[in-house]
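Down below is the structure, laid out as structure tokens.
Numbering (the working numbering), first residue to last: 191 to 301.
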């Protein structure tokens, strides 16, 4: 291995070792407030519903989870976690657009 290849390999290894870990997306605070997410969820501890971190850990690598969670967010749904179902949109601040549901679910899965 020549010096250039060795230096490139060392630089790449240093980047992998010292690069910052992936960060969660910034919270879409206005949407979280508008749809009353924090009435039942917290970021890191179960409350009336699972935490956002628990949801992310459970669904992050599940195929079609983004779509399923967006659908549940937009329409409400049966309990998948304990006894509490996702309330109907009318009980959470009103209807939620497909775009806003996508934004919220993407943020939750980034936790």
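Even for Gly, the Cβ is constructed at its ideal location relative to N, Cα and C. Note that the coordinates shown come from a computational prediction; the quantities given were computed from them, not determined experimentally.
Residue 295 is positioned such that its CB atom lies no closer than 8 angstroms to that of residue 265. Leaving aside the five residues that flank residue 255 on each side, the residues in its chain whose CB is nearer than 8 angstroms to its CB run, in chain order, 249, 299. Within the stretch 206-273, there are no complete beta strand (DSSP E) runs of at least 3 residues.
Distance between residue 226 and residue 280, taken at the CA atoms: about 11 angstroms.
The alpha carbon of residue 260 has as its nearest neighbour, out of 247, 272, 271, 276, the alpha carbon of 276. Rounded to whole angstroms, residue 268 and residue 274 show a C-alpha spacing of 8 angstroms.
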